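**Q** In terms of the numbering used here, the sequence shown opens at residue 12 and continues consecutively.
Ideal Cβ positions, reconstructed from N, Cα and C, are used throughout, including at glycine.
None of these values were measured; they are calculated from a predicted model.
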Amino acid sequence: MTSNRPSGRPSSGSTKPPTSRRSARQQRLANREANRALSRASTRGSSGPNGSLMLYSIVAIVVAVVVIGAAFYLTNKSNAPQALHAPVAPVGSAVTPTSISMDGRTLGDKNAKHTLDIYEDFQCPHCRDFTADDEPQIVANYVKTGQIKIVFHDLLVIDALDGGTESLDAANAAWCAQDQSMFWPYHDWLYANQYSEASGAFTKDRLKTIGQLAKIPNLTTFNSCVDNGTHDSDVQAEQTSAPAPLNTQPSTPTLILDGTTITGFDYATVSAALDTKLGITASPSVSVSPSATPTPEVTPTPTPVPTPSPSAP
């Protein structure tokens with residue numbers, strides 16, 4: 012499936028934010044100007060008026076370099092990626108309901124007649140949006156009712172664009188959590204702590220911290236699994252076993268219902284496909300038509316008041 016929204020950013024360009032790049036350029040220019048001024052000042056001599064002028068120039072240059080350097084530091088500090096902060100817990104609808112059956116990567120009744128296969132990359136921003144906004148509605152209206160089950164699949168996209176390994180490392184960590192029946196809770200934590208691509212959000216150390224906060228039962232085993240990339244081969248195997256054209260032209264998120272790719276991932280599109288598969292049609296609206304022959308208005312007949320009989324003498 013080729014979605015209308017790209018699954019990753021273009022492969023060229025720096026990962027630094029524009030403001031950071033401008034600040035670095037400003038500091039380089041300031042340093043260059045400082046060197047030029049020092050060179051000019053040194054040719055004027057060190058005594059008399061010229062010596063004083065040179066001293067003032069040097070002081071002014073030093074002050075300028077300090078000011079610009081401080082601005083550069085503060086800009087970089089303010090632009091420090093959120094990924095470096097402490098991981099936060101998923102909340103609200105971003106938490107997969109524990110009342111629903113979970114079997115490995117399958118969510119819902121494993122005997123459900125229909126299967127919705129979801130292919131995602133934990134670094135993919137559209138996957139995060141789908142998980143936060145659309146998937147909870149699908150779970151509430153179709154999985155919880157036993158009509159379908161969801162099966163999660165890894166599809167690495169971002170690593171190929173950035174040349175990193177954070178998508179692979181995050182996917183491996185989710186497999187490590189799955190070894191302890193914790194795939195879906197860990198899945199929720201990963202998307203709750205996604206930042207920008209190749210930002211350091213999913214370094215191995217951070218993935219282990221997330222495992223601790225997600226209360227993985229055996230942290231020693233989990234951490235070793237993350238460090239050693241124990242399930243890297245399982246993640247890679249999913250890339251080649253994905254149905255065409257995903258195995259050669261990956262796009263995330265991609266949703267496949269009983270073998271047929273859904274042409275979008277917003278809730279309206281997915282629910283329409285699910286309703287068609289399930290044979291659900293919208294209930295016709297009931298309208299009240301006016302009667303062809305109006306009912307005549309009936310005027311009540313007044314009841315006569317009896318005349319009292321004369322009294323007997």
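Considering only residues of the same chain and omitting the five flanking positions on each side of Leu-224, which have a CB-CB separation below 8 Å?
**A** Stepping through the sequence shown from its first residue, residue 224 is reached at position 213. Correct list, in chain order: Pro-98, Ala-100 and Trp-200.
**Q** Which residues mark the beginning and the end of the alpha helix (DSSP H) in which Glu-249 is found?
**A** What you label residue 249 is simply residue 238 of the sequence shown in a count that begins at 1. Per DSSP, Glu-249 belongs to the alpha helix (DSSP H) from 243-252.
**Q** Please list the terminal residues of the continuous alpha helix (DSSP H) segment that includes Leu-224.
**A** Residue numbering aside, residue 224 sits at position 213 when the sequence shown is read from its first letter. From DSSP, the alpha helix (DSSP H) with Leu-224 extends over 215-224.
**Q** So, at 8 Å on beta carbons, what are the nonlocal neighbours of Ser-112 in its own chain, with the 5 sequence-adjacent residues on each side left out?
**A** In the sequence shown, residue 112 corresponds to position 101, counting from 1. These residues qualify, in order along the chain: Leu-118, Gly-119, Asp-120 and Lys-121.
**Q** Would Glu-249 pass as a contact of Leu-172 if the rule is Cβ separation under 9 Å?
**A** Taking the first residue of the sequence shown as position 1, residue 249 is located at position 238. Taking the first residue of the sequence shown as position 1, residue 172 is located at position 161. Contact flag unset, no.
**Q** Using 8 Å as the threshold, is the stretch 201-209 in touch with the stretch 134-141, meaning 3 or more CB pairs across them?
**A** yes
**Q** Which one of Asn-258, Pro-261 and Pro-254 has the shortest CA to CA distance from Leu-268?
**A** Taking the sequence shown and counting its residues from 1, the one referred to as residue 268 is at position 257. For the set Asn-258, Pro-261 and Pro-254, the Cα lying nearest the Cα of Leu-268 is the one of Pro-254.
**Q** Given a cut-off of 9 Å on the beta-carbon distance, is the pair Leu-289 and Gln-158 in contact?
**A** Position 278 of the sequence shown holds residue 289. Position 147 of the sequence shown holds residue 158. Contact flag set, yes.
**Q** Whole-angstrom Cβ separation of Val-162 and Arg-116, contact assumed at under 8 Å?
**A** Taking the first residue of the sequence shown as 1, we reach residue 162 at position 151. Taking the first residue of the sequence shown as 1, we reach residue 116 at position 105. So it is a contact: roughly 6 Å between Cβ atoms.
**Q** Taking the runs of the beta strand (DSSP E) that are 3 residues or longer, which of them lie wholly in the stretch 111-162?
**A** 125-131
**Q** Looking at His-96 and Ile-374, is the spacing between their C-beta atoms short of 9 Å?
**A** Since the first and last residues shown for the chain are 12 and 324, residue 374 lies out of range.
**Q** Beta strand (DSSP E) containing Ile-267: first to last residue?
**A** Position 256 of the sequence shown, counted from the first residue, corresponds to residue 267. Looking at the DSSP string, the run of the beta strand (DSSP E) that includes Ile-267 is 265-268.
**Q** Name the residue from Thr-214, Gly-240 and Pro-196 whose alpha carbon lies nearest to the alpha carbon of Lys-226.
**A** Locating residue 226 in the sequence shown gives position 215, where the first residue counts as 1. Looking at the Cα atoms, Pro-196 is the closest of the given residues.
**Q** Assign Leu-230 to one of two classes, buried (16 or more other C-beta atoms within 10 Å of its C-beta) or exposed (fewer than that).
**A** Walking along the sequence shown from the start, residue 230 turns up at place 219. The residue is exposed, with fewer than 16 neighbouring Cβ atoms inside 10 Å.
**Q** So the alpha helix (DSSP H) His-96 belongs to, where does it begin and stop?
**A** Counting from 1 along the sequence shown, the entry for residue 96 is found at position 85. Segment: none, His-96 is in no alpha helix (DSSP H) and carries neither H nor E.
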